[in-house]
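Asker:
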Amino acid sequence: AGASSDSASESGYVTDGKLTIGTAEPAYYPWVIDDKPESGEGFESAVAYAVAGQLGFADSDVVWVRSTFDEAIAPGPKDFDFNLQQFSITDERKQAVDFSSPYYETTQTVITIASSPAAGATSIADLKKFSIGAQTGTTSLTAVEDVIKPDSQAQVFNSNDDAKLALQNGTVDAIVVDLPTAFYLTGAELDGGKIIGQLPQAEGTTGDQFGLVLAKDSPLTASVSEAVDALREDGTLDELATKWLGSEDTAPVLK
Amino acid sequence: MSTTGIDARPPSSIELDRRAFRRQQTTRSTLIAIVSTVVFAVAAWIFVINTPGWSRVQQTFLNWDVAVAAFPRVIEGFWLNVRVLIYSVIGVGIVSLVLATVRTLRGPIWFPLRALAAGYTDLFRGIPLIIVLYLVGYGIPGLGVFPRMPAEFWGTIALVTVYSAYVSEVFRAGIEAVHPSQRLAARSLGLSYSQSMRRVILPQAVRKVTPALMNDFVALQKDVGLISVLGAVDAVRAAQIETAAYFNFTPYVVAGLLFFLLALPMIRFTDWYTARVRRREQMGSIV
Amino acid sequence: MSTTGIDARPPSSIELDRRAFRRQQTTRSTLIAIVSTVVFAVAAWIFVINTPGWSRVQQTFLNWDVAVAAFPRVIEGFWLNVRVLIYSVIGVGIVSLVLATVRTLRGPIWFPLRALAAGYTDLFRGIPLIIVLYLVGYGIPGLGVFPRMPAEFWGTIALVTVYSAYVSEVFRAGIEAVHPSQRLAARSLGLSYSQSMRRVILPQAVRKVTPALMNDFVALQKDVGLISVLGAVDAVRAAQIETAAYFNFTPYVVAGLLFFLLALPMIRFTDWYTARVRRREQMGSIV
Amino acid sequence: MSLIEPGSGPGSGPGSGAATPDAAPVLRLVGIRKSFEGTEVLRGIDLTVHRHEIVALIGASGSGKSTLLRTANLLEQIDDGQIFLGDDDISDPRAKADRIRSRIGVVFQHFNLFPHLSVLDNVTLASRAVHRASRVEAERRGLELLDSIGLADKAREFPDRLSGGQQQRAAIVRSIATDPELLLLDEITSALDPELVGEVLDLVRELGRGGTTILMATHEMAFARDVAHRVVFLDKGVVAEAGPPAQLFEHSENPRTREFLARFTA
Amino acid sequence: MSLIEPGSGPGSGPGSGAATPDAAPVLRLVGIRKSFEGTEVLRGIDLTVHRHEIVALIGASGSGKSTLLRTANLLEQIDDGQIFLGDDDISDPRAKADRIRSRIGVVFQHFNLFPHLSVLDNVTLASRAVHRASRVEAERRGLELLDSIGLADKAREFPDRLSGGQQQRAAIVRSIATDPELLLLDEITSALDPELVGEVLDLVRELGRGGTTILMATHEMAFARDVAHRVVFLDKGVVAEAGPPAQLFEHSENPRTREFLARFTA
Ligand SMILES: Nc1ncnc2c1ncn2[C@@H]1O[C@H](COP(=O)(O)OP(=O)(O)OP(=O)(O)O)[C@@H](O)[C@H]1O
Ligand SMILES: Nc1ncnc2c1ncn2[C@@H]1O[C@H](COP(=O)(O)OP(=O)(O)OP(=O)(O)O)[C@@H](O)[C@H]1O
Ligand SMILES: [Mg+2]
Ligand SMILES: [Mg+2]
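Chains as they are written, first to last, in this note's numbering: chain A, 2 to 256; chain B, 320 to 606; chain C, 320 to 606; chain D, 92 to 357; chain E, 92 to 357.
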């Protein structure tokens, strides 16, 4: 499915002959290593290049742009062909943007630091009395409110960065992030970082599925989804997940 | 329709004719205004509201169902804003008065305090509130010397820090705006510097700066919405959460209207008061 | 040390004695100020700087290495703030003048426009900028009627929207602050309403409101930092990114200082100008 | 101070003496009534000013002098009565107020000059904006006028560089720059230093000699007596007495007039 | 207006006539010099005011009258010379300025009363704050004083409800409420409507009769002539002439005095 021969408007690509991929500013480990998506290092970066390959683009035809989380999933024209920064696929979001089929499935995970009073919590009931933070607009926040249902209002931050700072400086006792981020934050970023456990799925739902975000009704949605499906079927996605995200079942699921 | 004078003599026929003409003119003006408004509304309807884009706008920004759904959360957040506002006003009042007082201290021994107060005022008039919020809200708790406090506490501290600088500057300007002859008159009566300050200058200064203070109050009312960046779920954050849930921007409009309704009485009052002060000044009794 | 008069006659011995005494007093005052400052500094050192908490503060907020590392990114972001500021100032100037002009239009036919302008001014004086930012920055692109624009573009639009309301209100207040007898004098010369507006009232109004305009400019300078919430990598967001990378708040301090340095000349100029206007008024030539 | 040349006023009789009552009326007020918030300030005023005449309006503070002058200039809407300027009923709402005002010159007590314009621009503004005179022509005439009152060297200065007396003289000259048919002066000296009063009154005297028709409210009794052809004493919104100065000041039989004048001869 | 009772002034000679030069000097200025930004405004002034004496300071605008009064009250620091109040050299920087000022009453042209205080509070402020009188005592005396000038019914009003003349009278009464040794008046009538000037000058006249020592700058020549015991003519920062009013106003041989006075007799 080479795009080079089509005109921009017909091809649906932002720039004719190029594949423009959006990600976060900054993008974090383990999704993107060193905030350099061009390197192909990191799970999402690698997935992006794999999808590009499936679509018939050479690595050199990939152009990276940056956007915030909110910006990328708000309705409106986009400056990327697709965007990936751990967007969970939800029905509400589907009204605003298109999603490819999922490239990764994860769960929401509660983490804390050793000095926090929440460090000893072992169940959802234990967590209720603590101040819990999450990033605004994410399924992490939904998980806090629907699964943990803390006694006090959840604290909601513009970004995981702010949530992490709040955890470090003690304004919140624990934060909820997706599992790979949880591994990364507790392993590399937080002094005394500690995973309390994964949150169970709310009834009747699957785990959080990450999808590539495309503009609403993008002509590319079908072909991008096909590409992701192909990668899933040939085992590439699992391979990349194992390589960059490690094994994910080490954290206990909270009851 | 009758004379307004005390002795209600009937107006002359010429005057009656003039009044009839003026009434007719007024009626004409009113008619023109109505017609113009209708024409304008129709034009707006044809060129804006009736377009497909408008229904999209309406759907996105003015969706009644979303407004109803978002309202409980937004109003709950708004209540937090109001509480923060109240504490901030109290804090700003105290800190700015202390600052202003320190700046009026005379005598060389107070020099370092004066300089410190002046420097503080300068600094925080120049730094954006959002930076102070980040510094105070994320930085200070990180020092580990204070017990754990909720985000809105640190937000209040940041607001008080910044607004005290503005307000103490307003007080200072007010002190300088009191006519120098008032100070001279007070000193001529034998009042000391601090007596004339306390009993003559400050009371007048406070009146003079009332409009400016009210303006600052309105600004504070709105900046209270910034505490959301610290993680506090105030009206703005609540609206954001609801917006993310529905992909519909009506919750922001709801929050905006709540802030607007909170600010409106103060804005009206400020305008009225400012106009009154100005009218008095323009009457200009000069003795 | 000599008389300041034109005929430089030598001062009397009494005067020389008085001057010696005053000089001595000045010296004493200076000494007291120095001693007081030193004492104060030492006390501060002992009670604040010398504590273990302080080194923590220093480490967290005033870390030179982090400042150096963060500087390139922050200054690049700051340059975006400056560009947004410039465009915003131009936009606010145009929109607010149009609004103020519309509000001075007379005649019933303009009623809907006047009402619209007045409503606009009221509304956006009451809604927090951050809400307008979210609405404009995330909502309007979602309508799908505008081509894709960068976040800073929408940020500029939001700033212009809100600040035009303030500034047009300032203009209106300025027009009303021109003494009514100026309007009477102009009308008595036979100038029409619009002629006296243009040639007599507006020029004076603009001067009267200069201090208020400058204040609004300073406020705008700082609110430009809020475009960061839209995702534009300005100085604030750059600082945020760097802070997250180091878990050190020095980048915010760097950004804050940049804003402070940008605002300081304007603050100083505003203070100076306001004082000058006040001094002139207090001289009070009344004819 | 050089004389205002004859011809600069609307009439040109040089040094014409007291105007005779049978000269053409310039301003005619008939039964003027005016209330503010239920208080009747003018209670049926009849007053005529003839061509080349100087009429002084005297009366206690609050008697309605300023209000009367403002109604004559249509700055205040009357409640009843009629105002004629020449033959035109200018109190008719159909009359063009701007056109009429440009036929009347006015000087108030305060704030007369426009502070943002040079003295010359002040003087020439009306000619240029209202009468569409060219800038060159307007400035030529403006400089001539300023020269006649010894202010030619201040033409490019801004008003706040002038003394109060100079400002008031410039304001008077501005008001006559467009050859108005009538000049209304409202206590033009009462905000001045006593020393500066003389020069302003001298200018009014000159104008009168030059034939300008003037209606002025004043507290300067000596000046009213010396210069006015007729004095009108306003008391609580009615004309209590009117006549030549000699009669009012020396032989008035009206007890209110005498009481009022007594206050000025302490 | 009822008379200020003898005894309300510091001296008590009721209706004492012109003070004799050999009475005790209350204020003595010796060789006062004062410059503003390089311009010498006072160029060596010698002037003595004796007990119970009223001295009028006349002179053109800018001649330095106000500056002189301000230096006498230590509101302006002099560049040379000496000022004695009674026997104390008050120009000595070691003197306590606040203490000294409380011995001198001052009234300016403008802005005298404190607009945020009632008339009574204005009058009693100094007694209460400086002299530590009890409120009851201060108010009793304040009401007495206000009554003596017919303003007792305005005691609880705020100054902006009073006419200009009433305000100035209240200001004068305020300045004598603490029995100052000397009263300085700086053109206290020049911002007033001409009609209101009389009542203020009447009060000054009463005070003089009551024995208050007064140094006043004024433009009211008639008043200076009638009431002052001595007139001092200031010209460009020096005392050009001084003497009894009759001498200055009628028989002055100083050409500058005559020129100045000529301006007031137009
Ligand atoms: N715009 C106004 N609104 C209400 N009352 C007014 C207004 N203008 C004048 N008055 C009242 O009308 C009365 C007459 O005022 P006016 O200024 O005409 O008197 P005047 O004779 O000019 O007095 P003065 O000698 O003090 O100038 C006064 O009682 C005044 O308070
Ligand atoms: N604070 C000051 N700074 C600079 N110049 C001053 C100051 N005060 C007064 N002067 C100047 O000193 C001169 C004398 O002023 P002063 O007010 O004493 O005159 P005056 O005789 O009271 O005049 P008037 O009759 O107008 O009140 C004037 O030229 C004035 O401009
Ligand atoms: Mg008047
Ligand atoms: Mg003076």
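In this text, a Cβ means the ideal position worked out from N, Cα and C, and glycines have one as well.
#1: DSSP three-state call for B:Ile-586: helix, strand or coil?
#2: Please check if any C-beta of chain F sits within less than 9 Å of the C-beta of E:Ser-182.
#3: On the criterion of 16 or more Cβ atoms from any shown chain inside 10 Å, does E:Glu-341 qualify as buried, or is it exposed?
#4: When the cut-off is 9 Å and only beta carbons count, does B:Val-528 lie next to chain E?
#5: In this structure, does DSSP put A:Lys-244 in helix, strand or coil?
#6: Indicate the three-state DSSP secondary structure (helix, strand or coil) for D:Ala-331 in the structure shown.
#7: Tell me the DSSP secondary structure of A:Trp-32 in three-state form.
#8: Just to check, is the beta-carbon of E:Glu-332 closer than 8 Å to a non-hydrogen atom of ligand 3?
#9: Count the other CB atoms, across all protein chains shown, that sit within 10 Å of the CB of C:Gly-544; report buried if there are 16 or more and exposed otherwise.
#10: Suppose the cutoff is 8 Å on Cβ atoms and the five residues either side in sequence are ignored; what does the same chain contact list for B:Leu-424 look like?
#11: With a threshold of 8 Å, establish whether the CB of D:Ala-308 neighbours any heavy atom of ligand 1.
#12: Any idea what DSSP makes of E:His-342, helix, strand or coil?
#13: Report buried or exposed for A:Thr-187, applying the criterion of at least 16 other Cβ atoms within 10 angstroms of its Cβ.
#14: Given the structure, does D:Val-132 come close to ligand 1, in the sense that its CB is under 8 Å from one of the ligand's heavy atoms?
#15: Please decide whether B:Met-468 counts as near chain A, where near means a Cβ-Cβ distance under 9 Å.
#16: Would you give the residue range spanned by the beta strand (DSSP E) that A:Ile-176 belongs to?
#17: Count the other CB atoms within 10 Å of the CB of D:Asp-277; is the residue buried (16 or more) or exposed (fewer)?
#18: Taking C-beta to C-beta, are C:Asp-535 and C:Phe-397 nearer than 9 Å?
#19: Please classify B:Ser-483: does DSSP put it in a helix, a strand, or coil?
#20: In or out: E:Asn-213 buried (at least 16 other Cβ within 10 Å) or exposed?
#21: Name, please, each residue of chain B whose Cβ falls closer than 7 Å to the Cβ of C:Glu-395.
#22: At a cut of 8 Å, does the stretch 510-521 of chain B reach the stretch 217-230 of chain E through at least three beta carbon pairs?
#23: D:Asp-277: beta carbon under 8 Å from a heavy atom of ligand 6?
#24: Name the residue from B:Val-481, B:Ser-547, B:Val-361, B:Ala-352 whose alpha carbon lies nearest to the alpha carbon of C:Gly-426.
#25: Output, in chain order, the set of chain C residues within a Cβ distance shorter than 9 Å of D:Phe-205.
#26: Please determine if the stretch 444-454 of chain B and the stretch 377-394 of chain B are in contact, where contact requires at least 3 C-beta pairs separated by less than 8 Å.
#27: For E:Ala-147, is the beta carbon positioned less than 8 Å from some heavy atom of ligand 2?
#28: When you compare the CB positions of A:Thr-222 and A:Ser-101, do they come within less than 9 Å of one another, or not?
#29: C:Gln-559 touches chain B at which residues, Cβ-Cβ below 8 Å?
#30: Listing by chain order, which chain E residues have their CB less than 9 Å from the CB of C:Ser-348?
#31: Thinking C-beta only, is A:Leu-166 closer than 9 Å to C:Phe-566?
#32: If you check the beta carbons only, do D:Pro-206 and D:Asp-251 fall under 9 Å apart?
#33: In chain C, what lies closer than 8 Å to A:Gln-156 by C-beta?
#34: For the alpha helix (DSSP H) containing C:Trp-398, name the first residue and the last one.
#35: Using beta carbons (cut-off 9 Å, strictly below), is C:Arg-459 in contact with chain A?
#36: Looking only at C-alpha atoms, which of B:Leu-508, B:Asp-542, B:Leu-539, B:His-498 sits nearest to B:Pro-522?
Answerer: On the basis of the coordinates in this document:
#1: helix
#2: In the structure shown, chain F cannot be found, because the protein chains are A, B, C, D and E.
#3: exposed
#4: no
#5: In the structure shown, A:Lys-244 sits in a helix (DSSP, three-state: H, G or I).
#6: strand
#7: coil
#8: Result no, Cβ not under 8 Å from ligand 3.
#9: buried
#10: Leu-432, Arg-433
#11: yes
#12: helix
#13: buried
#14: The answer is yes for D:Val-132.
#15: Chain A places a beta carbon closer than 9 Å to that of B:Met-468, counting this residue as a contact.
#16: 175-179
#17: buried
#18: no
#19: Three-state DSSP puts B:Ser-483 in a helix.
#20: buried
#21: Simply none; closest approach about 17 Å.
#22: yes
#23: Annotation note on ligand 6: not contained in the displayed structure, which lists ligand 1, ligand 2, ligand 3 and ligand 4 as its ligands.
#24: The shortest Cα separation from C:Gly-426 among B:Val-481, B:Ser-547, B:Val-361, B:Ala-352 belongs to B:Ala-352.
#25: Gln-501, Ala-504, Ala-505, Arg-518, Val-519, Pro-522, Gln-523
#26: No, the stretch 444-454 of chain B does not touch the stretch 377-394 of chain B.
#27: no
#28: yes
#29: Tyr-453
#30: The premise fails here: C:Ser-348 is roughly 13 Å from chain E at the closest Cβ pair, so nothing lies under 9 Å.
#31: Between C:Phe-566 and A:Leu-166, the gap from beta carbon to beta carbon is short of 9 Å.
#32: yes
#33: Within chain C, no residue comes near A:Gln-156; the closest Cβ sits about 17 Å away, beyond 8 Å.
#34: Counting along the chain, C:Trp-398 sits inside the alpha helix (DSSP H) bounded by residues 383-423.
#35: Arg is not the amino acid found at residue 459 of chain C; the sequence shown has Ile there. Yes - at least one Cβ of chain A is within 9 Å of the one on C:Ile-459.
#36: B:His-498
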